[in-house]
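*Asks:*
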Amino acid sequence: MASPNAADASSAPEPSKETSIIVPRAAKAHNGPPPESKEGIWLRRAAILSFWAVVVLLGLPVWWKTTAIYRAELPLQDMTDWAESKICKPVFPLRIAVESSISSHDAQQLVRLTQHAIDDLNEFSAHHLRLMPATSPYTANSSQEVIIDGTSIRSDDRDNALVIRMIQVETGETPRSQLQSYSPTLDVYYSASQLPAQSSTSSPLASFIAQELHTVFAEEQAQLAYLLAAQPGAQAARTKALSVEKYVELDRQSTKVLKYAPTYHLTFSLFSPSYTPSAWNIEAALRTYLSPLLESFSGISNFTVDSQVQLYATFSPSIHQPEFDEHLKAWTLRKEDLSAFVNAAEWPLSPSIGEGPTVNFILYVPDASQSPLLVKENAGNSWLIPQWGGVHILNVQNVSTTPNVLTAEDLVPAMHTFSDQLTVLFGLPQAPASLPLRISTLERVRAASLIFSASSTLGALAQVYQKMPSIPVPDNVAQSVDSTIAHLQQACHLLREGRFQGALEHARIAEVEAEKAFFERSMVGQVYFPDEHKVAVYLPLLGPVAVPLVMAALKELKGVLASARGR
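Take the sequence shown: its position 222, counting from 1, is numbered 222 in full-length UniProt numbering, and each next residue is one higher.
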């Protein structure tokens, strides 16, 4: 018998069953982009490669060409050799003509013995005297063949550094000599018995002449030795011709000398603390007392001159006012106040007018209430301002009144002072007593200094060229360098021949060309342009373009590497 529960269970309806469908995960992600075909991948890579090809093959060459810095080729090795004094070793062979009325054999014997005596005295090999007998009286147009260091050179009398005139006398002490003040001539007085015999190997007369020549050119030897000693590899120039004391003296003098220039501008200024004097006859004074000196210097430099008058010119407030000295019976200025005497703030003194540097000469006429005005320490009334000019205080004789116009006679003391100051500023040697010899010495010193200066400038330019590859060097710089080297070679050649005026002309041109090359405007403007500035200019322009290209290239490279590892 069946259980009721069983019947109920059999008769009850069956529960409904739900059907579940399992969908693969790949089917759920079917909404994304389809897989990229191989043709698409290669097309994308070709596009990226084309962009890079345009940048590398077209963009970079165009950028390089348009932004490249042009640098002309320079003879760097030659420039460095000139700066290190390896090419030109300046020598100064001075030709000295000996005029005499004796026979040619006796004259040659005297010249030979004198030459031996000079060579024994000479302790500076770069500076040597070469004697030669004069076959004709000393004229400006005669010429002859001479032998210098084994080389035959045609000599013009204008190239003679000195002429020795042998004068036979019967009275007075002999031998004796006299150097002409305004002529390069040394007169030697001797007696007939003092002439050397043909068989003699020495002579008191020859020794006397040699000693006199050594004394005449001692200052020049010292100045040239001082100049050569400052050059690279030339320390041997400090021979016995240049003692320590002399070196210190020349070094102190060099601090006063103006730097060489082809043209100097001279300004003469009259300053007065009151309304008088209001005029001065400066033109006549300059024409009489200073023009001859400037004419003597014309072979070395040119000069332009102007003048001015300034009234009510007061002292500089930075100095002590003049004090009356009972001992000197004069008003005095302290020596330490002289450097600030010029009232640069109120006195119209232009630092440079025209092409060359300005040299100022000031004539100060003190007020009658403070006259005479002197320097307390030395009771002087003038002083030199190194590398600038000079000052002269003109104390009028009648202290009760000051003249309205200063005549040329009133200006004579000032003109003498200004002449002396100009020679110091210009570097004229103080010895010997002959002015033409001193000027010819200055000519040789200037020629050598200009050769060294131009050579040093070439060396500095070579260093700039090598150490700063980012600065442009135009063709005109290379042309100036070539011109400088050519003129330096010619100047050095003329020095060896003893033609010093021509050497100075070529050295002057070389200095101008070297300065022109070194201070070229297009180069100077790029000297202080660092690479950081270039980065600051290019980064904002190239950054937005370079980032997409670089990222795309990196992505493709990463994909290629992933595909290679999957294989």
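Backbone N, C-alpha and C fix where the C-beta goes; we use that ideal spot for every residue, glycine too.
(1) Please list the terminal residues of the continuous alpha helix (DSSP H) segment that includes Q489.
(2) Comparing C-alpha positions only, which one of Y289, L373, D367 sits nearest to L328?
(3) For S202 and S183, what's the separation of their Cα atoms in angstroms?
(4) Can you tell me whether DSSP reads W347 as helix, strand or coil?
(5) Check whether the stretch 76–93 touches the stretch 205–212, taking contact to mean three or more Cβ pairs, one atom from each stretch, closer than 8 Å.
(6) Residues in the same chain with beta-carbon distance under 6 Å from E212, minus the five sequence neighbours each way, listed in chain order, please.
(7) May I ask which residues mark the beginning and end of the alpha helix (DSSP H) holding V391?
(8) Hey, out of I209, G380, A230, V391, whose CA is closest to L270's CA?
(9) Helix, strand or coil, according to DSSP, for H533 in the structure here?
(10) Between which two residues does the alpha helix (DSSP H) containing E39 stretch?
(11) Under the DSSP definition of a beta bridge, which residues are partnered with R176?
(12) Which residues in the same chain as residue 636 place their Cβ atom closer than 7 Å to its Cβ, once the five residues preceding and following it in sequence are excluded?
(13) Can the beta-carbon of P277 be found closer than 7 Å to that of P413?
(14) Can you tell me whether N378 is buried or exposed? The criterion is at least 16 other CB atoms within 10 Å of its CB, across all chains shown.
(15) Between V55, R334, T67, L227, which lies nearest to residue 568 when the distance is taken from Cα to Cα?
(16) So which of T484, A562, A517, A134 has the shortest CA-CA distance to L450?
(17) Is it the case that the stretch 32–46 contacts the stretch 433–450, given that we only count it when at least three CB pairs across the two stretches are under 8 Å?
(18) With DSSP as the reference, label F426 as helix, strand or coil.
(19) Inspect the beta-carbon positions of I164 and Y189 and report whether they are closer than 7 Å.
(20) Taking the C-alpha atoms as reference points, what is the distance between F268 and F418?
(21) Could you tell me whether the Cβ atoms of L131 and T114 are closer together than 7 Å?
(22) So the alpha helix (DSSP H) I167 belongs to, where does it begin and stop?
(23) Considering Cα atoms alone, identify which of L58, V91, P75, K335 is closest to Q466.
(24) What residue range is occupied by the uninterrupted alpha helix (DSSP H) comprising V464?
(25) Rounded to whole angstroms, how far is the Cβ of A478 from the Cβ of A72, which I believe are closer than 8 Å?
(26) Which of the three DSSP states is assigned to V216 in this structure?
(27) Spatial neighbours of A433 within its chain, please: CB distance less than 7 Å, with the 5 preceding and 5 following residues excluded, ordered by chain position.
(28) Could you pull the DSSP bridge partners for A97 from this structure?
(29) Would you identify the three-state DSSP class for V248, choosing helix, strand or coil?
(30) For a test of the three-state rule: what should DSSP assign to A330, helix, strand or coil?
(31) So for V231, helix, strand or coil by DSSP?
(32) Pairs of beta-carbons, one from the stretch 542–559 and one from the stretch 294–301, closer than 8 Å: are there three or more?
(33) Leaving out five residues before and five after N343 in sequence, what residues of the same chain have Cβ atoms less than 6 Å from its Cβ?
(34) At what residues does the alpha helix (DSSP H) containing E500 begin and finish?
(35) Please report how far the alpha carbon of L121 lies from the alpha carbon of E513, in whole angstroms.
(36) Name the residue from V396, S272, W347, L338 whose alpha carbon lies nearest to the alpha carbon of A330.
*Replies:* Let me lay it out:
(1) Q489: member of the alpha helix (DSSP H) spanning 475–497, first to last residue.
(2) Nearest to L328 by alpha-carbon distance, out of Y289, L373, D367, is L373.
(3) 30 Å
(4) coil
(5) Taking 8 Å as the limit for Cβ pairs, the verdict is that the stretch 205–212 does not touch the stretch 76–93.
(6) S177
(7) Taken as a continuous stretch (DSSP letters only), V391 belongs to no alpha helix (DSSP H), being part of the beta strand (DSSP E) at 389–393.
(8) V391
(9) helix
(10) 38–54
(11) In the DSSP assignment, R176 is bridged to Y189.
(12) Any question about residue 636 goes unanswered here, given that the chain covers just 1 to 567.
(13) P277 is not a Cβ neighbour of P413, given a cutoff of 7 Å.
(14) The residue is exposed, with fewer than 16 neighbouring Cβ atoms inside 10 Å.
(15) Any property of residue 568 remains undetermined from this structure, which presents the chain solely from 1 to 567.
(16) T484
(17) When C-beta atoms of the stretch 433–450 are compared with those of the stretch 32–46, fewer than three pairs fall below 8 Å, so the two segments do not count as touching.
(18) helix
(19) no
(20) 9 Å
(21) If you check the CB distance, L131 and T114 come in under 7 Å.
(22) Run containing I167: none in the alpha helix (DSSP H); it sits in the beta strand (DSSP E), 162–168.
(23) P75
(24) Following the DSSP letters along the chain, one finds V464 inside the alpha helix (DSSP H) bounded by residues 435–467.
(25) Yes, A478 and A72 are in contact; Cβ-Cβ is about 4 Å, under 8 Å.
(26) helix
(27) L179, S181
(28) M132, V163
(29) helix
(30) strand
(31) Checking the sequence, you will find Gln at residue 231 rather than Val. Here Q231 sits in coil by DSSP.
(32) Cβ pair count under 8 Å is below three, so no.
(33) Within the same chain, N343 has close Cβ partners S316.
(34) At residue 500 the sequence reads Phe, which differs from the Glu that was named. 500–518 is the extent of the alpha helix (DSSP H) around F500.
(35) 40 Å
(36) V396
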